[in-house]
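> In our numbering, the protein residues as written are 316 to 608. By construction, the Cβ of each residue, glycine as well, lies at the ideal position given by its N, Cα and C atoms. Just dropping this structure here.
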């Protein structure tokens, strides 16, 4: 049976759901909103906030008074806190999915340059939100996923650009899209990654790190992750001609790539204007939160 296209077009003007405030990506602090997409690593006291693009490690150490000098005691405990945070953070980042085939640890064990760069960035972080509570001092390390000092900077290098022209048509000049929303909520086995690919049913790439403008890619990655259609429709990446689609399935070893139906691909990528908009990172993926590891 032929697939019935699930493309729904939204012609948006202003905020569709005013209770959510667009333009807040990324967050400037480690606090998470209930609507953020969270991937937890409880064994490492860490979690990834895919909506704000950060991996956050939190820990607390007991305050001991081994030295009568209060200043030295505070300094010693603070250093111990940072040391513990660095250990947990280093372990946590090795588990981040880079693509549908590899996690960071695969590069740690094989590529000295990647390992050195990531550890250098990690050890350059300062403890945030530190505070004394009862007999402990707690704090956090916040490592950005994107940007010049982000984890992805080790992987967004020497990427060969690809131009998608396979599906261009001349008979739909007025039908274009400036935003693509893909709803992955039904696929509980889907996972987020730094380098997700969107492909057709034959495995052909239509969107990924190879197709996004390099400056946009470095800043935010190839897609935005949100937890609901409400968040998607009020995201800063949202334009006024929005295509909402249900995918065929996730793909890859880690199920972090997205397969769209061929009929939808032919519609979405039929106009150069649409392709140019998607190249600016106007692709939003909806996925449920709190994927425990």
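Do you know offhand how far residue 559's Cα is from residue 600's?
One C-alpha to the other measures close to 10 Å.
> Roughly how many angstroms lie between the CA atoms of residue 541 and residue 397, to the nearest whole one?
For residue 541 and residue 397, the distance between alpha carbons rounds to 31 Å.
> What is the residue span of the alpha helix (DSSP H) that residue 420 lies within?
Start and end: 419–423.
> Nearest to residue 552 by alpha carbon, out of 531, 485, 602?
Minimum Cα distance to residue 552 is reached at 531.
> Measuring straight from C-alpha to C-alpha, what distance separates residue 417 and residue 501?
Near 24 Å, if we compare the C-alpha coordinates of residue 501 and residue 417.
> Determine the DSSP secondary structure at residue 558, reduced to helix, strand or coil.
Three-state DSSP puts residue 558 in a strand.
> For residue 600, report the span of its beta strand (DSSP E) as first-last.
Taken as a continuous stretch (DSSP letters only), the beta strand (DSSP E) holding residue 600 covers 598–601.
> Give a yes or no on whether the C-beta atoms belonging to residue 590 and residue 474 are separated by under 8 Å.
Not closer than 8 Å, so no.
> Quick check on this structure: which residue in 374, 410, 567 has the alpha carbon closest to the alpha carbon of residue 394?
Selected option, being the one with the closest Cα: 374.
> Please state the DSSP three-state secondary structure of residue 542.
Three-state DSSP puts residue 542 in coil, outside helix and strand.
> Since residue 470 contacts residue 508 with CB under 8 Å, what's their CB separation in whole angstroms?
Not quite, the Cβ-Cβ distance comes to about 10 Å (not below 8 Å), so this is no contact.
> From the DSSP output, read off the bridge partner residues of residue 459.
The partner list for residue 459 (beta bridge, DSSP) reads 369.
> Rounded to whole angstroms, what is the Cα-Cα separation between residue 523 and residue 484?
Approximately 21 Å, taken between the alpha carbons.
> Just how far apart, CA to CA, sit residue 516 and residue 529?
Roughly 26 Å between the two C-alpha positions.
> In terms of residues, what are the limits of the beta strand (DSSP E) holding residue 498?
From DSSP, the beta strand (DSSP E) with residue 498 extends over 494–498.
> Sort out for me which residues DSSP pairs residue 454 with in a bridge.
Paired residue(s): 374.
> Measuring straight from C-alpha to C-alpha, what distance separates residue 527 and residue 452?
Going by the C-alpha atoms only, they are around 43 Å apart.
> Identify the continuous alpha helix (DSSP H) that holds residue 591 and give its terminal residues.
Segment 587–594, the alpha helix (DSSP H) holding residue 591.
> Assuming the contact rule is C-beta atoms closer than 8 Å, residue 482 and residue 580 should be a hit. Round their C-beta distance to whole Å, please.
Rounded, the Cβ-Cβ distance is 6 Å, consistent with contact.
> Three-state secondary structure (DSSP) at residue 532?
In the structure shown, residue 532 sits in a helix (DSSP, three-state: H, G or I).
> I think residue 456 touches residue 440, with their Cβ atoms under 8 Å apart; what is that distance to the nearest whole Å?
Right, the Cβ-Cβ distance comes to about 5 Å (below 8 Å), so this counts as a contact.
> Check the DSSP bridge columns for residue 471 and list the partner residues they point to.
According to DSSP, which records beta bridges pairwise, residue 471 is partnered with nothing at all.
> In angstroms, rounded to a whole number, what distance separates the CA positions of residue 465 and residue 566?
The alpha-carbon atoms of residue 465 and residue 566 are separated by roughly 26 Å.
> Could you tell me the alpha carbon to alpha carbon distance between residue 494 and residue 584, rounded to whole angstroms?
Computed Cα separation, rounded: 12 Å.
> Measuring only the C-alpha atoms, how far is residue 549 from residue 598?
Going from the Cα of residue 549 to the Cα of residue 598 covers about 13 Å.
> Have a look at 401, 511, 462 and flag the residue whose alpha-carbon is nearest the alpha-carbon of residue 525.
When each option's Cα is compared against that of residue 525, the closest is 511.
> Using three-state DSSP, classify residue 392 as helix, strand or coil.
DSSP places residue 392 in helix when its eight states are reduced to three.
> With H, G and I counted as helix, E and B as strand and the rest as coil, what does DSSP make of residue 491?
Coil at residue 491, not helix or strand.
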